[in-house]
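Line by line, the protein sequences are chains A and B. In the numbering used here, each number is its position in the first sequence, counted from 1, plus 1. In the numbering used here, each number is its position in the second sequence, counted from 1, plus 4. Even for Gly, the Cβ is constructed at its ideal location relative to N, Cα and C. A short write-up of the structure that comes next.
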Amino acid sequence: MSENPSPVFQRALIALAGGPSDARIVKLVAELARPIKADITAVHVVEVAWSQPLDADIAGRSESAQQILDQAEATAEHAKVRLEPVLLQAREVGAALVDEAIERAADLLVLGLPYRKRFGGDFAIGRTIPYVLKNAPCAVWVVREPITEETM
Amino acid sequence: MFVLVVGGGKVGYYLAKELIENSHEVVLMEKDRDRAAQIADEIGSIVVAHDGCEGKYLGEAGCARADIVAAVTGDDEDNLVICQMAKRHFDVPRTIARVNNPKNEALFRHLGVDEIISPTRMILGSIEQDIPVHELLHLAALGEGELEIIEAHLQDGSPAIGRAAGDLTMPVGCSLFAVVRDGIASPLLPDMRLRVGDKVIAIGPSECSVKLHEQLIGAVDVEASPTV
Numbered sequence: 002m003s004e005n006p007s008p009v010f011q012r013a014l015i016a017l018a019g020g021p022s023d024a025r026i027v028k029l030v031a032e033l034a035r036p037i038k039a040d041i042t043a044v045h046v047v048e049v050a051w052s053q054p055l056d057a058d059i060a061g062r063s064e065s066a067q068q069i070l071d072q073a074e075a076t077a078e079h080a081k082v083r084l085e086p087v088l089l090q091a092r093e094v095g096a097a098l099v100d101e102a103i104e105r106a107a108d109l110l111v112l113g114l115p116y117r118k119r120f121g122g123d124f125a126i127g128r129t130i131p132y133v134l135k136n137a138p139c140a141v142w143v144v145r146e147p148i149t150e151e152t153m
Numbered sequence: 005m006f007v008l009v010v011g012g013g014k015v016g017y018y019l020a021k022e023l024i025e026n027s028h029e030v031v032l033m034e035k036d037r038d039r040a041a042q043i044a045d046e047i048g049s050i051v052v053a054h055d056g057c058e059g060k061y062l063g064e065a066g067c068a069r070a071d072i073v074a075a076v077t078g079d080d081e082d083n084l085v086i087c088q089m090a091k092r093h094f095d096v097p098r099t100i101a102r103v104n105n106p107k108n109e110a111l112f113r114h115l116g117v118d119e120i121i122s123p124t125r126m127i128l129g130s131i132e133q134d135i136p137v138h139e140l141l142h143l144a145a146l147g148e149g150e151l152e153i154i155e156a157h158l159q160d161g162s163p164a165i166g167r168a169a170g171d172l173t174m175p176v177g178c179s180l181f182a183v184v185r186d187g188i189a190s191p192l193l194p195d196m197r198l199r200v201g202d203k204v205i206a207i208g209p210s211e212c213s214v215k216l217h218e219q220l221i222g223a224v225d226v227e228a229s230p231t232v
């Protein structure tokens, strides 16, 4: 085995869902990116229902979307790494993330998998993660939250 | 243009694909989840995996802002319901329905579907053109379907043979306007005498078929129903 197991990536794309996993994955990628001076882009995708046109002004007016990006930026800043925040709106999050990864030639796409307390609690994988795992051309990391007494 | 396609069979699939290739915004509704997932895999995230016969889901699929709704499922009943909801409830400017049973065409028109596509009738028309028949051949529907272009192939025994076109008694609203003789089309003038082998082209309401048949082919055989 290699002495230095640090993963090599140059352009990482972080998917921000607006949950508790965001800070964890931003911190993780920032720590890994700092020594190798890799670029980090954090993307939050606002899904637009088919009942509205794709270019409807939704994401721009969403305070919560802006907050999600601001928090990610703050976390990266704290880790002394620069992060580019990107706000997108799309019909489906998974497809938007894959498109963005291709467009930016990202070599790593990182998603969080939060623990959901509803319905007895589980790690509901949803639609986005399987889509990204199936379609992203780059490496994909899915970071699952630890199960602690707090999350239970 | 935003087009809502309902029905993810072969027709819906290729229709959506072509529309996307022509840079239109498309959403496709398919109630079978497996089929919906398969289409999404192949042509992208444009599939709503719900039943288009339910108004709630039509609304979610963006029916209210659709320029065109094309109902192309394999069920005429579903296609009719979808087009009616699109037209009456969501004010969609143009509705197009696939009609599998040609006998349902009149009902679709009566209930306000803007455009009707009947693959069965198209194939039937194509077959009839290649087979010498003594009946009338319905070539095309015009406008909202109240008028049809009809062809009569004159055979031995036709009461029109040897008579001038102007001497034939045409049903009200029906007129003969062209003749194809020896492969050459020309306007049918009132003094032109009709011959065996002529193909006479008429335009008129579909109800005039029986009278037209009597004048150009011969008395209608009550045992055999006229061509649809």
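Taking Cβ to Cβ, would you say residue i is nearer than 8 Å to residue j?
{"i": "Ile154 (chain B)", "j": "Ala206 (chain B)", "result": "yes"}
{"i": "Leu151 (chain B)", "j": "Gly208 (chain B)", "result": "yes"}
{"i": "Glu48 (chain A)", "j": "Arg117 (chain A)", "result": "no"}
{"i": "Val96 (chain B)", "j": "Ala65 (chain B)", "result": "no"}
{"i": "Thr42 (chain A)", "j": "Leu14 (chain A)", "result": "yes"}
{"i": "Val15 (chain B)", "j": "Val76 (chain B)", "result": "yes"}
{"i": "Ser130 (chain B)", "j": "Glu109 (chain B)", "result": "no"}
{"i": "Leu98 (chain A)", "j": "Ala34 (chain A)", "result": "no"}
{"i": "Ile86 (chain B)", "j": "Met5 (chain B)", "result": "no"}
{"i": "Val30 (chain B)", "j": "Val52 (chain B)", "result": "no"}
{"i": "Ala18 (chain B)", "j": "Ile43 (chain B)", "result": "According to the sequence displayed, residue 18 (chain B) carries Tyr and not Ala. Contact flag unset, no."}
{"i": "Leu192 (chain B)", "j": "Phe181 (chain B)", "result": "yes"}
{"i": "Leu158 (chain B)", "j": "Val200 (chain B)", "result": "yes"}
{"i": "Val7 (chain B)", "j": "Ala74 (chain B)", "result": "yes"}
{"i": "Ala73 (chain A)", "j": "Pro86 (chain A)", "result": "yes"}
{"i": "Gly48 (chain B)", "j": "Ala96 (chain A)", "result": "yes"}
{"i": "Leu112 (chain A)", "j": "Ile130 (chain A)", "result": "yes"}
{"i": "Asp170 (chain B)", "j": "Cys212 (chain B)", "result": "A small fix is needed here, since residue 170 (chain B) is Gly in this sequence, not Asp. No, Cβ-Cβ distance for Gly170 (chain B) and Cys212 (chain B) is not below 8 Å."}
{"i": "Leu89 (chain A)", "j": "Val46 (chain A)", "result": "yes"}
{"i": "Arg125 (chain B)", "j": "Pro106 (chain B)", "result": "yes"}
{"i": "Gly78 (chain B)", "j": "Gly12 (chain B)", "result": "no"}
{"i": "Ser22 (chain A)", "j": "Glu146 (chain A)", "result": "yes"}
{"i": "Ile34 (chain B)", "j": "Ala40 (chain B)", "result": "A small fix is needed here, since residue 34 (chain B) is Glu in this sequence, not Ile. In contact: Glu34 (chain B) and Ala40 (chain B) (Cβ atoms closer than 8 Å)."}
{"i": "Asn104 (chain B)", "j": "Asp80 (chain B)", "result": "yes"}
{"i": "Cys67 (chain B)", "j": "Phe94 (chain B)", "result": "yes"}
Residues of chain A with a CB under 8 Å from the CB of residue i: which are they?
{"i": "Gly48 (chain B)", "result": "Ala96"}
{"i": "Glu64 (chain B)", "result": "Ala50, Trp51 and Ser52"}
{"i": "Val31 (chain B)", "result": "Trp51"}
Going along chain B in order, which residues have a C-beta closer than 8 Å to the C-beta of residue i?
{"i": "Glu93 (chain A)", "result": "Ser49"}
Since I believe residue j is in contact with residue i (beta carbons under 8 Å), could you give me their beta-carbon distance rounded to a whole number of angstroms?
{"i": "Leu62 (chain B)", "j": "Ile50 (chain B)", "result": "Actually they are not in contact, since the Cβ atoms of Leu62 (chain B) and Ile50 (chain B) sit about 15 Å apart, beyond 8 Å."}
{"i": "Ala156 (chain B)", "j": "Ile100 (chain B)", "result": "Not confirmed; about 30 Å, so no contact."}
{"i": "Leu109 (chain A)", "j": "Val143 (chain A)", "result": "Not a contact, Cβ separation roughly 12 Å."}
{"i": "Val183 (chain B)", "j": "Lys215 (chain B)", "result": "Val183 (chain B) to Lys215 (chain B), Cβ: 19 Å. No contact."}
{"i": "Thr76 (chain A)", "j": "Ala107 (chain A)", "result": "Not really, about 19 Å apart at Cβ, beyond 8 Å."}
{"i": "Ala102 (chain A)", "j": "Cys139 (chain A)", "result": "6 Å"}
{"i": "Gln219 (chain B)", "j": "Leu143 (chain B)", "result": "With a Cβ gap of about 18 Å, Gln219 (chain B) and Leu143 (chain B) do not count as contacting."}
{"i": "Asp195 (chain B)", "j": "Ala168 (chain B)", "result": "5 Å"}
{"i": "Ile165 (chain B)", "j": "Leu128 (chain B)", "result": "The Cβ separation is near 27 Å, so there is no contact."}
{"i": "Arg12 (chain A)", "j": "Ala39 (chain A)", "result": "7 Å"}
{"i": "Gln88 (chain B)", "j": "Leu111 (chain B)", "result": "In fact, because the Cβ distance is near 11 Å, the residues do not count as touching under 8 Å."}
What does residue i reach in chain A if we use C-beta pairs closer than 7 Å?
{"i": "Ala68 (chain B)", "result": "Ser52"}
When the cut-off is 8 Å and only beta carbons count, does residue i lie next to chain E?
{"i": "Ile207 (chain B)", "result": "The chain labelled as chain E is not found among the protein chains of the depicted structure, namely A and B."}
Anything in the stretch 96-115 of chain B with a Cβ closer than 8 Å to a Cβ of chain A? List those residues in chain order, please. none
Give the residues from the stretch 52-63 of chain B that approach chain A closer than 9 Å (Cβ to any Cβ), ordered along the chain. Val52 and Gly63
Contained beta strand (DSSP E) runs [length at least 3] in the stretch 155-214 of chain B, N- to C-terminal order: 179-185, 188-191 and 203-209
In the stretch 58-95 of chain A, which residue ranges form an unbroken alpha helix (DSSP H) of at least 4 residues, counting only runs that do not cross its ends? 64-79
Could you pull out every unbroken alpha helix (DSSP H) segment of at least 4 residues lying fully inside the stretch 10-36 of chain A, listed in chain order? none
At 4 residues or longer, what runs of the alpha helix (DSSP H) sit wholly inside the stretch 41-76 of chain B? 59-64
In chain order, each beta strand (DSSP E) run of at least 3 residues that lies wholly inside the stretch 105-138 of chain A: 109-114
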